[in-house]
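**Student:** For the record, the sequence lines run as chains A and B. Taking our numbering, the leading residue of the first sequence gets 45, the next gets one more, and so forth. Taking our numbering, the leading residue of the second sequence gets 3, the next gets one more, and so forth.
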Amino acid sequence: DVKVTQSSRYLVKRTGEKVFLECVQDMDHENMFWYRQDPGLGLRLIYFSYDVKMKEKGDIPEGYSVSREKKERFSLILESASTNQTSMYLCASSLPSPGANTGELFFGEGSRLTVL
Amino acid sequence: AQKVTQAQTEISVVEKEDVTLDCVYETRDTTYYLFWYKQPPSGELVFLIRRNSFDEQNEISGRYSWNFQKSTSSFNFTITASQVVDSAVYFCALSEPTGNQFYFGTGTSLTVIP
């Protein structure tokens, strides 16, 4: 069964702490994504990566960075967590397009981060 | 600019009623892909359907059906004879041709009351 695994379902951190959110996929997908989900705002793209060591900013990259040292792993880093980063974080992966597999995103279960 | 609008924030229906979730999109691309995802209370978004812009044929899968109309830029989702297990947040999404960018609507929270 294909899988996207996020390392932590729930985290509580303090303001100013450095936070690592890890995501691993076992489908050999080239594309990986980090989204943030907030009530009334839907899913907003933070960063995505289409290859190892490659990254592209999404719509809301401020306050975040990412790392993709291996194809299967995509990490989201909050250098200095702030209370407005309290949110649900979703990792996803997909095959590149064009092709019959174009577009389908596979999601992890999410990481709910609370920053106090 | 690419945009997906789900005007219905929350919908409640009684079990066995039919319900339609609306999705309207904007794009400048002639080739694009449209999706519906379901997010149950457990949190993981589950893929339901993908449609490419050249295929306006409606699709039915069990109790689910989708109506794609390019003329109105809409991709609506109907659940027939709703069940409690259909309670979830449903997201409509648009992907541009490279598949590197997805644009999600704000979601519609569906509650099916037994």
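For every residue, glycine included, the Cβ atom is placed at its ideal position computed from N, Cα and C.
Ends of the beta strand (DSSP E) at Met132 of chain A?
**Tutor:** If you number the first sequence from 1, residue 132 of chain A lands on position 88. Per DSSP, Met132 of chain A belongs to the beta strand (DSSP E) from 131-138.
**Student:** If you follow the beta strand (DSSP E) that Arg65 of chain B is part of, which residue opens it and which one closes it?
**Tutor:** Indexing the second sequence from 1 puts residue 65 of chain B at position 63. Careful: Arg65 of chain B lies outside any beta strand (DSSP E) and carries neither H nor E.
**Student:** Is the beta carbon of Val87 of chain B within less than 8 Å of some heavy atom of the ligand COA?
**Tutor:** Because no ligand of any kind appears in the structure shown, any question about the ligand COA cannot be addressed here.
**Student:** Leaving out the 5 sequence neighbours to the left and right, which residues in its chain are closer than 8 Å to Arg53 of chain B when beta-carbon positions are compared?
**Tutor:** Along the second sequence, one-based indexing puts residue 53 of chain B at 51. Excluding positions up to five away in sequence, the list reads Tyr35, Leu36, Phe37, Glu61, Trp68, Phe70, Phe77.
**Student:** Please identify, using Cβ separations under 9 Å, the residues of the stretch 72-89 of chain B that lie next to chain A, in order along the chain.
**Tutor:** Flagged: no residues at all.
**Student:** From Pro116 of chain B to Ile51 of chain B, what does the alpha carbon distance come to, in whole angstroms?
**Tutor:** On the second sequence, position 114 is the one that residue 116 of chain B refers to. On the second sequence, position 49 is the one that residue 51 of chain B refers to. Answer to the nearest angstrom: the Cα atoms are 26 Å apart.
**Student:** Under 9 Å, CB to CB, which of the residues in the stretch 112-132 of chain A have a partner in chain B?
**Tutor:** Answer in chain order: Met132.
**Student:** Just grab the DSSP bridge partners of Val114 of chain B for me.
**Tutor:** Numbered from 1 along the second sequence, position 112 holds the residue referred to as residue 114 of chain B. According to DSSP, which records beta bridges pairwise, Val114 of chain B is partnered with B:Val15.
**Student:** Can you tell me whether Asn54 of chain B is helix, strand or coil according to DSSP?
**Tutor:** Along the second sequence, one-based indexing puts residue 54 of chain B at 52. Here Asn54 of chain B sits in strand by DSSP.
**Student:** For Glu148 of chain A, which residues in the same chain have their Cβ closer than 7 Å to its Cβ, ignoring the five residues on either side in sequence?
**Tutor:** Indexing the first sequence from 1 puts residue 148 of chain A at position 104. Same-chain partners within the cutoff: Ser138.
**Student:** Taking the beta carbon of Thr11 of chain B as the centre, do at least 16 other beta carbons fall within 10 Å, making it buried, or is it exposed?
**Tutor:** Here residue 11 of chain B is taken as the residue at index 9 of the second sequence, counted from 1. Label assigned to Thr11 of chain B: exposed.
**Student:** With a threshold of 16 other CB atoms inside 10 Å of the CB of Ala9 of chain B, please say whether the residue is buried or exposed.
**Tutor:** As a working note, residue 9 of chain B is residue 7 in the second sequence. Under this definition Ala9 of chain B is an exposed residue.
**Student:** Taking only beta-carbon positions, decide if Glu28 of chain B is within less than 9 Å of chain A.
**Tutor:** Counting from 1 along the second sequence, the entry for residue 28 of chain B is found at position 26. Not an interface residue.
**Student:** Answer yes or no: does any C-beta atom of chain A fall closer than 9 Å to that of Thr100 of chain B?
**Tutor:** Along the second sequence, one-based indexing puts residue 100 of chain B at 98. Yes, Thr100 of chain B lies at the interface with chain A (some Cβ there is under 9 Å from its Cβ).
**Student:** Just the C-alpha distance for Ser73 of chain B and Glu61 of chain A, rounded to the nearest angstrom, thanks.
**Tutor:** The residue labelled residue 73 of chain B in the question sits at position 71 within the second sequence. The residue labelled residue 61 of chain A in the question sits at position 17 within the first sequence. Answer to the nearest angstrom: the Cα atoms are 50 Å apart.
**Student:** For Pro105 of chain A, would you say it is in contact with chain B, using Cβ-to-Cβ distances shorter than 9 Å as the test?
**Tutor:** Within the first sequence, numbered from 1, the residue matching residue 105 of chain A stands at position 61. It does not; no Cβ of chain B falls within 9 Å.
**Student:** Under 9 Å between beta-carbons, which chain A residues line up against Glu46 of chain B? List them in chain order, please.
**Tutor:** Taking the second sequence and counting its residues from 1, the one referred to as residue 46 of chain B is at position 44. Within chain A, the residues near Glu46 of chain B are Val48, Leu134, Phe151, Gly152, Glu153, Gly154.
**Student:** If the cut is a Cβ gap below 7 Å, which residues of chain B does Glu148 of chain A touch?
**Tutor:** To locate residue 148 of chain A, count along the first sequence from 1; it is residue 104. Here the neighbours are Phe49, Arg52.
**Student:** Mind listing the chain A neighbours of Gly64 of chain B? Cutoff is C-beta to C-beta under 8 Å, in chain order.
**Tutor:** Position 62 of the second sequence, counted from the first residue, corresponds to residue 64 of chain B. Neighbours of Gly64 of chain B on chain A: none; closest Cβ ~19 Å, over 8 Å.
**Student:** Is there at least one Cβ from chain A nearer than 9 Å to Ala95 of chain B's Cβ?
**Tutor:** Numbered from 1 along the second sequence, position 93 holds the residue referred to as residue 95 of chain B. By this cut-off, Ala95 of chain B is an interface position.
**Student:** Which residues does DSSP list as the beta-bridge partners of Ile121 of chain A?
**Tutor:** Within the first sequence, numbered from 1, the residue matching residue 121 of chain A stands at position 77. According to DSSP, which records beta bridges pairwise, Ile121 of chain A is partnered with A:Phe64, A:Ser109.
**Student:** Taking the DSSP output, what are the residues bridged to Thr49 of chain A?
**Tutor:** Looking up residue 49 of chain A in the first sequence gives position 5. Bridge partners of Thr49 of chain A: A:Val68.
**Student:** How would you write the range of the beta strand (DSSP E) that Arg156 of chain A sits in, first residue to last?
**Tutor:** Taking the first sequence and counting its residues from 1, one reaches residue 156 of chain A at position 112. Unbroken beta strand (DSSP E) run through Arg156 of chain A: 155-159.
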